[in-house]
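Undergrad:
There are 2 protein chains.
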Amino acid sequence: MYYFIMYSTIQKFKALGDENRFRILMMLLQKPLCVCELLEVLDIKGGTLSAHLKLLKTAGLINQKKEGRWIVYSISSEKVKSFLTGIESELENKTIIQNDKTIIKDISRDICSSSN
Amino acid sequence: MYYFIMYSTIQKFKALGDENRFRILMMLLQKPLCVCELLEVLDIKGGTLSAHLKLLKTAGLINQKKEGRWIVYSISSEKVKSFLTGIESELENKTIIQNDKTIIKDISRDICSSSN
DNA sequence: ACTATATTTAGCTATATAACTAAATGGAGC
DNA sequence: GCTCCATTTAGTTATATAGCTAAATATAGT
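First to last, the sequence lines map onto chains A and B.
Quick note: the first sequence uses my numbering, first residue 15, plus one each step.
Quick note: the second sequence uses my numbering, first residue 15, plus one each step.
1. Taking the C-alpha atoms as reference points, what is the distance between Leu98/B and Leu67/A?
2. With 8 Å as the limit, tell me which residues of the region 88-107 of chain A have their beta carbon closer than that to any beta carbon of chain B; keep them in chain order.
3. Shortest alpha-carbon distance to Leu75/B belongs to which of Lys95/B, Leu105/B, Cys50/B, Glu81/B?
4. Measuring alpha carbon to alpha carbon, tell me which residue in Met20/B, Ile38/B, Gly31/B, Thr23/B is nearest Val86/B.
5. Against chain B, does Gly74/A count as a neighbour if the rule is that its beta carbon must be under 8 Å from one of theirs?
6. Apart from the five residues on each side of it in sequence, which residues of its chain come closer than 8 Å, Cβ to Cβ, to Val49/A?
7. Closest Cβ-Cβ distance between Lys68/A and chain B: below 8 Å?
8. Which same chain residues, not among the five before or five after Leu43/A, have their C-beta less than 8 Å away from its C-beta?
9. Rounded to whole angstroms, how far is the Cβ of Leu70/A from the Cβ of Arg123/A, which I believe are closer than 8 Å?
10. Assign Glu51/A to buried or exposed, taking buried as 16 or more other Cβ atoms, counted over all protein chains shown, within 10 Å of its Cβ.
11. Just list the residues that DSSP pairs Tyr87/A with in beta bridges.
12. Tell me Thr109/A's beta-bridge partners as DSSP assigns them.
13. Would you tell me roughly how many angstroms separate the C-alpha atoms of Ile117/A and Lys26/A, rounded to the nearest one?
14. Taking DSSP as the reference, what is the three-state secondary structure of Gly132/A?
15. Which value, in whole angstroms, describes the spacing of the CA atoms of Asn130/A and Leu30/B?
16. Got a sec: is the Cβ-Cβ distance from Glu33/B to anything in chain A below 8 Å?
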């Protein structure tokens, strides 16, 4: 008799335990975003961001969808969404999260150039 | 103007994103336990366990209390407790967690020898 | 004093993680 | 076919993490 491990649960926590991925999730909580929009906010390169997004997707936290020339990411489910909303509501003021969101609010995916 | 980072939140997720620490938390959810009891269940050495416990404590997830010759650990607050209970209720059956708990149920801290 | 329980430290190993550059690949639209 | 947006791959670097051993330290009970 052996026992399975709760990998998927732990994998989700691991995914949440990184600053850039946490910021991505909080931004996606506001609205679905394409990769180039996320790149405008985060101080990382395109390849690095792709890796983070893949990890979040594998963990079951986000979804991917083609929209014309763009790939748009969003929170995977209502369940994850309400979980993250609860977390967000407990953050103290003046975290980088609030700053990210004000940037995201005024961003258009047409601004995006190849600053990869 | 700069923005604080939500370190403590991310630190909690990091703490949760490790199998041994996750198992420790789930066991403490059942009842407070001393170090030697945890050592009976986990396949790690005393020094390693101490490090995990310190990390969980720093993250604000558990508390420490002297009880005679033992140091007893417990979940830090009702808030953390209900959070973990929610997580636990969503685990599929037959994870190692259920196994840990049946061992913990019948353990006494007097059994503990210096298997450090 | 001595014992039991646990933590801490130093030193070590192995693996995982996060980032980069740069080039190649894929898919959609024009 | 070419361009745009994004992913993937290969190769590299640096740091973090998890584990070990073994010795030292701390604290409480007997």
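For every residue, glycine included, the Cβ atom is placed at its ideal position computed from N, Cα and C.
Just so it is clear, the structure is predicted and the values come from calculations on it, not from any experiment.
TA: Inspection of the coordinates gives the following:
1. Rounded to the nearest angstrom, the two C-alpha atoms are 26 Å apart.
2. In summary, the residues of the region 88-107 of chain A whose CB is separated from some CB of chain B by less than 8 Å are Ile101, Glu104, Leu105, Glu106, in the order they occur in the chain.
3. Nearest to Leu75/B by alpha-carbon distance, out of Lys95/B, Leu105/B, Cys50/B, Glu81/B, is Lys95/B.
4. That would be Ile38/B, whose Cα lies nearest to the Cα of Val86/B.
5. No, no contact with chain B.
6. Contacts found: Gly60, Leu63, Ser64, Leu67, Trp84, Ile85, Tyr87.
7. Using a CB distance cut-off of 8 Å, Lys68/A does not count as an interface residue toward chain B.
8. Correct list, in chain order: Ile89, Lys95, Leu98, Thr99, Glu102.
9. Contact doesn't hold; Cβ gap of about 19 Å is too wide.
10. So Glu51/A ends up on the buried side.
11. In the DSSP output, where bridge partners are listed per residue, Tyr87/A has Leu47/A, Gln78/A.
12. According to DSSP, Thr109/A shares a beta bridge with Phe18/B.
13. Approximately 26 Å, taken between the alpha carbons.
14. Shown here, chain A extends from 15 to 130; a query on residue 132/A therefore has no answer.
15. With a pLDDT of 39 at Asn130/A, under the threshold of 50, the modelled position of this residue cannot be trusted; read the value that follows with caution. Taking C-alpha positions only, Asn130/A is separated from Leu30/B by approximately 33 Å.
16. Interface residue, yes.
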